[in-house]
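Numbering (this note's numbering), first residue to last: 7 to 299.
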């Protein structure tokens, strides 16, 4: 079976997803990704000049992952257009919307328009597989922005969730000295069991000065002004957390500590793999909710 999809905005993984869905025989109408040249000659893909035209025949609307970066506009890196969230919601009344990392207030607006929302990043299997791309992207950034090898480097990972676990394993394979900061006793137990060094995230202080690389995965301010006092200037900090992030960037800049806020890495470092994950789970949503009809 095939469906009519409207794809509105999105990064490179959404561009790749558009092609994959089209190659499966689905009809794709897009808006807000007109700068993606690879879509112009693709079979079953039509680039429309308005949301109305893109969505009028759609069974399902696919929007960006993440849905928005500023809370008012959807994410459109392949477009010069700004698409307001409210505008999109108003145009897709009574349709199905699939996107990622959707804020709770959007659900209330969607309910008023009889829109059924599926947040694909709430699916555990998607989040886990995306964590692989995020971890690999972080390692790529670390290699490109430090003057030391990862082998033998002292690395601190803040947080031991999906990304933290995968990142620790991959850095250990580089023979890095990996310390993981967490809060829960069960996390401390797993950190020890897997051969890493545990530390309490609430007790970070002077010990921060021993690290060559610090990678944050927690979307809460962890490296505040006080803690940044203890970090060496030659230490690289990579923040993988979504807004508001976990670092006082202004204070880090004052201290000449290099910080990189690396958001949405799966769409940048592994767009094809990420698109395959999205496609598989979009089909799963359709199947589970009997939407092929």
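Ideal Cβ positions, reconstructed from N, Cα and C, are used throughout, including at glycine.
query                                                                                                                                                             : result
Let me check one thing: in DSSP terms, what residues is residue 30 bridge-paired to?                                                                              : Residue 30 is not bridged to any residue.
What is the rounded straight-line gap between the Cα of residue 158 and the Cα of residue 277?                                                                    : 30 Å
Flag this pair as touching only if the stretch 257-275 and the stretch 93-105 have three or more C-beta atom pairs under 8 Å; answer yes or no.                   : no
What does the alpha-carbon distance come out to for the pair residue 292 and residue 63?                                                                          : 17 Å
If you draw a straight line from the C-alpha of residue 201 to the C-alpha of residue 268, how long is it?                                                        : 27 Å
Going by CA-CA distance only, name the one from 154, 255 and 171 that's closest to residue 218.                                                                   : 154
Taking C-beta to C-beta, are residue 295 and residue 132 nearer than 8 Å?                                                                                         : no
Under three-state DSSP, which class holds residue 140?                                                                                                            : helix
Span of the beta strand (DSSP E) holding residue 260?                                                                                                             : No beta strand (DSSP E) holds residue 260; the alpha helix (DSSP H) holding it covers 255-260.
Under the DSSP definition of a beta bridge, which residues are partnered with residue 206?                                                                        : 188
Tell me, to the nearest whole angstrom, how far the beta carbon of residue 187 is from that of residue 227; I am working on the premise that it is less than 8 Å. : About 14 Å separates the two Cβ atoms, so there is no contact after all.
Based on Cα-Cα distance, which residue from 129, 181, 112 and 57 lies nearest to residue 121?                                                                     : 112
With a threshold of 8 Å, are at least 3 pairs of Cβ atoms found where one atom belongs to the stretch 48-57 and the other to the stretch 22-35?                   : yes
Run through the DSSP bridge pairs and tell me what residue 10 is partnered with.                                                                                  : 33
Mapping DSSP to helix, strand and coil, what is residue 247?                                                                                                      : coil
Please determine if the stretch 243-250 and the stretch 190-210 are in contact, where contact requires at least 3 C-beta pairs separated by less than 8 Å.        : no
Report the residue from 215, 172 and 236 whose alpha carbon sits nearest the alpha carbon of residue 223.                                                         : 172
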